[in-house]
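Encoded as structure tokens, the structure appears first; notes follow it.
What follows is the structure in structure tokens.
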């Protein structure tokens, strides 16, 4: 999921 | 989203806007490293490859577009429109010495051996050293215009704030991402002597002069 590797960050 | 990351993103956006305005208003890119700007364009391109495939939020998509467009616009202004003012005599850092090691490292140390993940990891490693040509240029010329030092302060602050964001996320979400954190620490440490000079000199109205 996105939060796992900070992929929700810029 | 938390306050550290929001202020960090706004600081990052401010830095990019300061730089574009400085080049556009003064019609000159003196004192700015074009090599660093090329590296930043590579960082955003390789990091935001998922821009068209993964939707996180409107904020995320808009900011990614702004960063990509602004970084290419800056490279265009420096190497095309105002290339006569580009200081190529001092902007001599060999960026292949940054690109190749970061790329090899991203092949060796990553979370998943896929194109998107390796490219994202490469962009994380590259971003941590992308400012080196700029800091090298400032050290060679021995000084920086105050607007350039404001740009560097905002740019350096953004990743420092991201470090706080990752501490918050660790406490709130109980997980962390070492590749981003270690790279973020390296990136922020590279600004330390600049932060010291900025706070002790520029904020007192003096020009940023590096001790010769």
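Residue numbers (my numbering), protein chains in the order written: chain D, 25 to 34; chain E, 141 to 352. Note that CB positions come from ideal geometry on N, CA and C, so glycine has one too.
Check: Under 8 Å between the Cβ atoms of residue 343(E) and residue 278(E)?; Outcome: no
Check: Classify residue 290(E): buried if its beta carbon has 16 or more other beta carbons within 10 angstroms, exposed otherwise.; Outcome: buried
Check: If the cut-off is 7 Å on Cβ atoms, which residues from the segment 256-280 of chain E count as contacting chain D, listed in chain order?; Outcome: none
Check: Report all residues from its chain with a CB closer than 7 Å to the CB of residue 256(E); omit the five preceding and five following residues, and keep chain order.; Outcome: 189 and 190
Check: When DSSP builds the beta bridges, which residues end up paired with residue 283(E)?; Outcome: 349(E)
Check: Does DSSP classify residue 162(E) as helix, strand or coil?; Outcome: helix
Check: Starting from the beta carbon of residue 196(E), find every residue of chain D whose beta carbon is closer than 7 Å, and list them in chain order.; Outcome: 26 and 32
Check: In the DSSP assignment, find the unbroken alpha helix (DSSP H) run with residue 339(E) in it and report its ends.; Outcome: 332-340
Check: Quick check on the DSSP output: what are the complete alpha helix (DSSP H) runs of length 4 or more inside the segment 171-244 of chain E, in order along the chain?; Outcome: 174-187 and 198-216
Check: For residue 145(E), return the contacting residues in chain D, with the cut-off set at a CB-CB distance below 8 Å.; Outcome: 33
Check: So does the segment 308-324 of chain E actually touch the segment 203-217 of chain E, counting three or more Cβ pairs closer than 8 Å?; Outcome: no
Check: If you draw a straight line from the C-alpha of residue 194(E) to the C-alpha of residue 171(E), how long is it?; Outcome: 37 Å
Check: Quick check: is the beta carbon of residue 320(E) nearer than 8 Å to any beta carbon in chain D?; Outcome: yes
Check: Please report whether the beta-carbon of residue 311(E) lies at a distance below 8 Å from any beta-carbon of chain D.; Outcome: no
Check: Could you name each continuous beta strand (DSSP E) segment of 3 residues or more that falls completely within the segment 288-331 of chain E, going from the start of the chain to the end?; Outcome: none
Check: At a CB-CB cut-off below 8 Å, which residues of chain D make contact with residue 207(E)?; Outcome: 34
Check: DSSP three-state call for residue 152(E): helix, strand or coil?; Outcome: helix
Check: Can you grab the Cα-Cα spacing for the pair residue 268(E) / residue 302(E), in whole Å?; Outcome: 12 Å
Check: Would residue 200(E) pass as an interface residue toward chain D - the criterion being a Cβ-Cβ separation below 8 Å?; Outcome: yes
Check: Less than 7 Å between C-beta atoms, sequence neighbours within five positions excluded: which residues of the same chain meet that for residue 270(E)?; Outcome: 176, 179, 180 and 183
Check: Distance cutoff 8 Å, beta carbons only. Does residue 218(E) sit that close to anything in chain D?; Outcome: no
Check: If we cut at 8 Å on Cβ distances, does residue 314(E) have a partner in chain D?; Outcome: no
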